[in-house]
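Residue numbering for the sequence shown is -17 to -1, 1 to 184, as defined by mature numbering (1 follows the signal peptide of the UniProt record, and there is no 0).
The beta-carbon is built from N, C-alpha and C at its ideal position, and this holds for glycine as well.
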Amino acid sequence: MTCLSVCLSVCLSVCLSVCLSVCLSVCLSVCLSVCLSVCLYVCLSVCLSVCLSVCMSVCLSVCLSVCLYVCLYVCLYVCLYVCLSVCMSVCLYVCLYVCLSVCLSVCLSVCLSVCLSVCLSACMYVCMSVCLSVCMSVCMSVCLYVCLYVWLYVCMSVCMSVCMSVCMSVCMSVCMYVCMSVCMSVWSKNYTTPASRTPPP
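What follows is the structure in structure tokens.
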């Protein structure tokens, strides 16, 4: 009976330690690979599913082991195996919690920094493009308005000066011609000889 109990205890302890170590290594590798290879949504979903599956498996294994221990070793090995199982489960939970919290915090910080940088760069690009387009349109409008106004003003000034000079020269020429013709006619009427004014016999 002692040999059988020793063999059973050794087998159970070995199986439990191997299963817990394998579960721990597999869970850690899966969590690390998933957290490093996929994005935040997949990370969260896979981590939640892995955590649920691990918790369920750990709970089932702990329950089964406790039941076996209570049924088989009520008097001899209850304290030892309960302490071992509690320690292993606590270590597993602590490791999983630390890994998940670290991975989630890193993923969240990286995603937040990337989103903030992308949003800031996009906003700066859009603002710069809008400001440049508005400034260019305003400058083009102002330049066109000023050029058109200056061109019209210059054309009107030139046309008015030319018209005034032409009109003045024409008026002066006409006035001088009329005055000279009137003066010549008056002078010719007033200063003709009397012989030329006597009628012929």
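(request) For residue 129, name the three-state secondary structure that DSSP assigns. (result) As a first step, residue 129 must be located in the sequence shown, where it is residue number 146. If DSSP states are grouped into helix, strand and coil, residue 129 belongs with the helices.
(request) List the whole-angstrom C-beta distance separating residue -6 from residue 71, where the pair is believed to meet the contact cut-off of C-beta under 8 Å. (result) Looking up residue -6 in the sequence shown gives position 12. Looking up residue 71 in the sequence shown gives position 88. 13 Å between Cβ atoms; not a contact.
(request) Please report how far the alpha carbon of residue 170 lies from the alpha carbon of residue 162, in whole angstroms. (result) The count along the sequence shown starts at 1 and reaches residue 170 at position 187. The count along the sequence shown starts at 1 and reaches residue 162 at position 179. Taking C-alpha positions only, residue 170 is separated from residue 162 by approximately 12 Å.
(request) Measure the C-alpha to C-alpha separation of residue -9 and residue -3 and round it to an integer number of angstroms. (result) The count along the sequence shown starts at 1 and reaches residue -9 at position 9. The count along the sequence shown starts at 1 and reaches residue -3 at position 15. Roughly 10 Å separates the two Cα atoms.
(request) Within its chain, find whatever has a CB closer than 8 Å to the CB of residue 173; leave out the 5 residues flanking it on each side and keep chain order. (result) Residue mapping note: residue 173 aligns to position 190 of the sequence shown, counting from 1. Excluding positions up to five away in sequence, the list is empty.
(message) Under 8 Å: do the stretch 6 to 16 and the stretch 37 to 56 share three or more Cβ pairs, one atom per stretch?
(response) Flag = yes, the stretch 6 to 16 and the stretch 37 to 56 touch.
(message) Buried or exposed, going by whether 16 or more other CB atoms sit within 10 Å of the CB of residue -13?
(response) Here residue -13 is taken as the residue at index 5 of the sequence shown, counted from 1. Using a 10 angstroms sphere on the CB of residue -13, the tally of other CB atoms stays under 16, which defines it as exposed.
(message) Taking 7 Å as the limit between beta carbons, can you name the residues of its chain near residue -15, skipping five residues before and five after?
(response) As a position in the sequence shown, residue -15 is number 3, starting the count at 1. Excluding residues within five positions, none has a Cβ falling inside 7 Å.
(request) Identify whether residue 59 lies in helix, strand or coil by the three-state DSSP scheme. (result) Taking the sequence shown and counting its residues from 1, one reaches residue 59 at position 76. Residue state, collapsed to three classes: coil.
(request) Using three-state DSSP, classify residue 174 as helix, strand or coil. (result) In the sequence shown, residue 174 corresponds to position 191, counting from 1. Taken through DSSP and simplified to helix, strand or coil, residue 174 comes out as coil.
(message) Measuring only the C-alpha atoms, how far is residue 120 from residue 111?
(response) Walking along the sequence shown from the start, residue 120 turns up at place 137. Walking along the sequence shown from the start, residue 111 turns up at place 128. Rounded to the nearest angstrom, the gap between the Cα atoms of residue 120 and residue 111 is 14 Å.
(request) Keeping to the same chain, check which residues put their C-beta closer than 6 Å to that of residue 75; ignore five residues upstream and five downstream. (result) By 1-based counting over the sequence shown, the position of residue 75 is 92. Once the five neighbours on either side are set aside, the close Cβ partners of residue 75 are 7.
(request) Could you pull out every residue in the same chain whose Cβ sits closer than 6 Å to the Cβ of residue 82, ignoring the five residues on either side in sequence? (result) Your numbering for residue 82 matches position 99 in the sequence shown. 14.
(request) Might you give, ordered along the chain, the residues of its own chain that have their beta carbon closer than 7 Å to the beta carbon of residue 10, omitting 5 neighbours on each side? (result) As a first step, residue 10 must be located in the sequence shown, where it is residue number 27. Answer for residue 10: 33, 37 and 79, listed in chain order.
(request) Would you kindly work out how many angstroms separate the C-alpha atoms of residue 134 and residue 143, rounded to a whole number? (result) Residue numbering aside, residue 134 sits at position 151 when the sequence shown is read from its first letter. Residue numbering aside, residue 143 sits at position 160 when the sequence shown is read from its first letter. Rounded to the nearest angstrom, the two C-alpha atoms are 14 Å apart.
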